[in-house]
Amino acid sequence: METRPRYRTIGGILPMLAYLAMALALFITVFPVYWLAQNSIKLDIDIFAVPPVWFNFSPTLKHYEAAFIGQPFLIYAFNSLIIAMATTIVSLIFGTMAGYALARFQYPGRWRYQISFWMLSTRMMPPIVTIIPLFIFFNFFNLLNTKFAVVVAYTAFNLPFVTWMMKSYFQDLPPELEEAAMVDGDTRWGAFLRIALPLARPGIAATAIFSLILSWNEFLLALILTQTERSMTLPVGISGRVTQYTTHWGEISAAGFLASVPIIVFALLVQKHLVRGLSLGAVKG
Amino acid sequence: MASVTFKNVYKKFGEFVAVADFNVEIRDKEFLVLLGPSGCGKTTTMRMIAGLEEATSGDIYIGTDRVNGLLPKYRDVAMVFQSYALYPHLTVEDNIGYPLKIRKIPLAERKRRIAEVARRVELDSMLSRLPKELSGGQRQRVALARAIVRTPRVFLMDEPLSNLDAKLRTQMRAELKHLQHELQVTTIYVTHDQIEAMTLAHRVAVMNKGMIEQLGTPREIYNNPRTLFVAGFIGSPPMNLIPGEVRDGVFSSGGLQVAGVGRANISPAVLGVRPEDAHAVEVDEADVNLVAPIFAVELTGENTLVSVRLGGQLMTLRADKNFAGQIDQQIGVKIATDRVFLFDGETQDRADF
Chain X
1 METRPRYRTI
11 GGILPMLAYL
21 AMALALFITV
31 FPVYWLAQNS
41 IKLDIDIFAV
51 PPVWFNFSPT
61 LKHYEAAFIG
71 QPFLIYAFNS
81 LIIAMATTIV
91 SLIFGTMAGY
101 ALARFQYPGR
111 WRYQISFWML
121 STRMMPPIVT
131 IIPLFIFFNF
141 FNLLNTKFAV
151 VVAYTAFNLP
161 FVTWMMKSYF
171 QDLPPELEEA
181 AMVDGDTRWG
191 AFLRIALPLA
201 RPGIAATAIF
211 SLILSWNEFL
221 LALILTQTER
231 SMTLPVGISG
241 RVTQYTTHWG
251 EISAAGFLAS
261 VPIIVFALLV
271 QKHLVRGLSL
281 GAVKG
Chain C
1001 MASVTFKNVY
1011 KKFGEFVAVA
1021 DFNVEIRDKE
1031 FLVLLGPSGC
1041 GKTTTMRMIA
1051 GLEEATSGDI
1061 YIGTDRVNGL
1071 LPKYRDVAMV
1081 FQSYALYPHL
1091 TVEDNIGYPL
1101 KIRKIPLAER
1111 KRRIAEVARR
1121 VELDSMLSRL
1131 PKELSGGQRQ
1141 RVALARAIVR
1151 TPRVFLMDEP
1161 LSNLDAKLRT
1171 QMRAELKHLQ
1181 HELQVTTIYV
1191 THDQIEAMTL
1201 AHRVAVMNKG
1211 MIEQLGTPRE
1221 IYNNPRTLFV
1231 AGFIGSPPMN
1241 LIPGEVRDGV
1251 FSSGGLQVAG
1261 VGRANISPAV
1271 LGVRPEDAHA
1281 VEVDEADVNL
1291 VAPIFAVELT
1301 GENTLVSVRL
1311 GGQLMTLRAD
1321 KNFAGQIDQQ
1331 IGVKIATDRV
1341 FLFDGETQDR
1351 ADF
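Here it is in C-alpha cells:
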C-alpha cells in the first residue's frame, strides 16, 4: 500500500518549521541592534538594571548630547564618512579597470592567473603584520594623523577584493557584447564604458557596499594611524569611551547606533542594483 | 563595398591550428558561405575579418587595404552574431543607432536612418522596447538592423539563423537573400547547415579541420564533390558512402555490385550514391545492383525514404511517396551508375575523374 502522499500539499508542518527558522534568524540578527538602540536612550541606571528593563523606562537623549556635543563624535563621523567614501571611490575606479583587464585581455602563459593570485596574496597575511612598516612609512612622509594616509592604507587593502569581485562580474558578461560594440565602431575603452560598465552595475553596487562597510568598520589601522580629532574615525573614537575608570555605555551605544545608520541607508539605496539579471535577454532567445 | 582576400593565413591557438594555409578571394558583392562542422575554423576565419582575432601569419585584405593588426573600428565591417549580442541595457532604437552614435552622426539624421531600417525589418512599432521584451525572431531582426543601418564594406554573419525555430528560419533565409541582393554588399556567412549554404550562397567554401575542402558554387559542390568529406556533408538526407573495392571496373561491397565505375582497380574504395539516384525495384528485375531486406520506411510527405541493410550499414533510397514496401521485405536496388561518385578510400579524394 502506497503511504506517501501523491499530491502536493498546501500548508503542513514543513512550511511552519521554515518560518520558525526564519523568525529565529531574524531575532539573532535584529536583537543586538534593538539592544544597542534602547541602551542609547536609557538612563545609566536602567542600562545596568537586573533584571533588564525592556519597555518600562523613561527615554532620554542625554547620551546623544554627551557623545555629539560633549564629545567630538560628529567630527569622527565626518572623518569616517570622508575616508569610507574616498576609499570606495578610489578602489572602485582602479579595481573595476583592473578586474576588467584580468577578465578580458590575453596574457602570455599563465600570467592572468599569476597576476590575480599575486594581488590576492597581499591579503594573506594578518593586517597587523603590516602595521609597523606602514607606521614608519607614513611617519617618514609626515602623513600620520591625516585622513589621506588612512585612505591610502584602506585602498591598498580593499583593492584586491574589489579587483577580484569585479573580475568575476565581468567574466559573467558575454564577451560578444563588447565585440559587437567594437565591430560597430567603438574602441575597447568605449565598449568598456558604454557596454560592460553599465551591465556590471549590480556588481559595482555589491562591491561598493562591501568596500564601504569594510572601511567604515575598520579599527586596527585607524587606531595606529590616527590619534587626533581631525583624523580619527568613529570606531577609534568609540573605543576611546572605554576609559581607565569607567566605560560610558550610554555614549558608546548612542554613537554605535548612529554609526550603523549610514550603512543601512546606503544598502537600501543600492539594493535595487544588487538584483542580478539585467544582462538576461542579451544573448539567445 | 569591397572584396576580401586571404593570403596564406594561419591561425594558431597555442599548439592548436584553427585555420591552416587559408587562401581565398571573396569577390565584391559576393555572398560567400563558410560551411563546416563545429570546430572547423569557420568562425575563427570570420573573426579574423572583423578584427576580433589576429592571424598568426599571412595577410588579410579588405578591398586593397591590408588589415592585419587594424582595430575592428577601422575595418568598416558589420557583424551579426549567433547570439545576436544585443546591448541589453539599450532600447531597440539605441541598439540599432549604436554604430551611428559612435560615428557621431547628428541626432536628426540618426533618427531618420533608424526609422528607415526599422521599417525595413518591421520593427518600427518596437523601437522603445528592451531586447528582453522581444521574441527570438525580433531580436534577430534588431541584430540585422544594427548591421544594415550603415553601409559597411562587408557583412559578416555568424550562424544568424541557428537560434530561430524551423519555420522562422526558412522565412528569414529568404529575407536575408533578398536583402543581400538589394544592398549589394559583400557578405560572408558562417553556418553548419548545408541547406542554408546551398540556398543562400553564390559560392560555398566547405571547411574541415581549418582548411578549405572545396570552393565552388552550390551546384558544383552538390554535383561534383571533390572529397569524401564534402560528399558526406552536402545533401539531405546525406549521400550513401559505401566502403568496398573496385576490381576490373566493378565496385563491390557485400551484396552490392556496380559495374562501369571507371578506373580498373582501387582498394579500398568508397562509392557515393545520393538517395535520389538509388531506386527501389522488383527483386527479379534485370540488372539490379543489390537485393536486400528493408530496414525502415519513412514517409516525408513528398517522398518515402527507404533504408536497406548493406553489410554492417544502412543504405538510403528516395522512393515515390506511394511506395508500399514493408519492413523485412526483400527489394531490389537499382543505382544510376552514371551519377555515382567514386572515392579513393585512402586519400579520401575523388577517384573517378
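Residue numbers (the working numbering), protein chains in the order written: chain X, 1 to 285; chain C, 1001 to 1353. Here a beta-carbon is modelled for each residue, glycine too, at the ideal position from N, C-alpha and C. For clarity, every value in this text was computed on a predicted model and none was experimentally measured.
request  = Over the uninterrupted alpha helix (DSSP H) stretch that includes X:F117, give me the two end residues.
outcome  = W111 to S121
inquiry  = What does DSSP give as the partner residue(s) for C:A1319 in the beta ladder?
reply    = Bridge partners of C:A1319: C:T1304.
message = Which residue marks the beginning of the beta strand (DSSP E) containing C:H1279, and which one marks its end?
response = A1278 to V1281
Interface flag, X:I128 vs chain C, CB-CB below 8 Å = no
ask   = Comparing alpha-carbon positions, which option in X:P108, X:I204, X:W216 and X:S168 lies nearest X:V150?
value = X:W216
task = Find out if the Cβ-Cβ distance for the pair X:P175, X:R104 is shorter than 8 Å.
result = yes
query = Would you call the region 230-237 of chain X and the region 74-82 of chain X touching, i.e. three or more CB-CB distances under 8 Å?
reply = yes
query = Does X:E176 come within less than 8 Å of chain C when only Cβ atoms are used?
reply = Chain C, which has a Cβ nearer than 8 Å to the Cβ of X:E176, makes this yes.
key: Nearest to C:G1063 (by Cα), restricted to the options C:I1114, C:L1071 and C:D1076   = C:D1076
task = Confirm, please, whether the CB-CB distance from C:N1289 to C:V1270 is below 8 Å.
result = no
key: N-terminal and C-terminal residue of the alpha helix (DSSP H) that C:L1271 is part of   = Premise fails: C:L1271 lies in the beta strand (DSSP E), I1266 to V1273, not in any alpha helix (DSSP H).
ask   = In terms of residues, what are the limits of the beta strand (DSSP E) holding X:V236?
value = Not the beta strand (DSSP E): X:V236 falls in the alpha helix (DSSP H), residues L234 to S239.
inquiry  = Less than 8 Å between CB atoms is the rule here; does C:P978 satisfy it with respect to chain X?
reply    = What is shown of chain C runs 1001 to 1353, which leaves residue 978 of chain C out entirely.
key: Which residues DSSP lists as bridging C:G1332, in chain order   = C:V1281 and C:V1291
ask   = Shorter than 8 Å from the beta carbon of C:K1029 to some beta carbon of chain X?
value = no
ask   = Around the Cβ of X:A98, are there at least 16 other Cβ atoms within 10 angstroms (buried) or fewer (exposed)?
value = buried
key: Straight-line Cα distance separating C:M1046 from C:G1332   = 47 Å
message = For a contact defined as C-beta to C-beta under 9 Å, what are the partners of C:M1126 on chain X?
response = Within chain X, no residue comes near C:M1126; the closest Cβ sits about 14 Å away, beyond 9 Å.
ask   = Can at least three beta-carbon pairs, one atom from the region 1129-1136 of chain C and one from the region 1063-1074 of chain C, be found at a separation below 8 Å?
value = no
query = Should the region 1111-1122 of chain C be called in touch with the region 1136-1150 of chain C, which here means at least 3 C-beta pairs below 8 Å?
reply = Two segments are said to touch when three or more pairs of C-beta atoms, one from each, lie closer than 8 Å; by this definition the region 1111-1122 of chain C touches the region 1136-1150 of chain C.
key: Backbone secondary structure at X:A180 - three-state DSSP   = helix
ask   = Measuring CA to CA, which of X:L268, X:L258, X:V270 and X:Q271 is closest to X:L81?
value = X:L258
key: DSSP state of C:Y1098 mapped onto helix, strand, coil   = helix
ask   = By the 10 Å Cβ neighbour count, where 16 or more other Cβ atoms means buried, how is X:S211 classified, buried or exposed?
value = X:S211 should be labelled buried.
inquiry  = Less than 8 Å between CB atoms is the rule here; does C:Y1098 satisfy it with respect to chain X?
reply    = yes
task = Reducing DSSP to helix, strand and coil, say where C:V1258 ends up.
result = strand
task = Measure the CB-CB distance between C:A1018 and C:G1041 and report whether it falls below 8 Å.
result = yes
Residues sharing a beta bridge with C:T1191, DSSP = C:L1035
query = On the three-pair Cβ rule with 8 Å, is the region 1337-1344 of chain C touching the region 1272-1279 of chain C?
reply = yes
task = Rounded to whole angstroms, what's the CA-CA distance from X:T130 to X:R123? Just pull it up for me.
result = 11 Å
ask   = Does C:L1144 have its Cβ less than 8 Å from a Cβ in chain X?
value = no
ask   = Which chain X residues sit within Cβ distance under 7 Å of C:P1072?
value = M182 and V183
request  = Kindly list, in the order they appear in chain X, the residues whose Cβ is closer than 8 Å to that of C:F1341.
outcome  = Under the 8 Å cutoff, chain X gives no residues; its nearest Cβ is about 39 Å from C:F1341.
request  = For C:I1105, decide whether its Cβ has a neighbour in chain X, counting only Cβ atoms nearer than 8 Å.
outcome  = Interface flag for C:I1105 against chain X is unset, since no Cβ pair is found closer than 8 Å.
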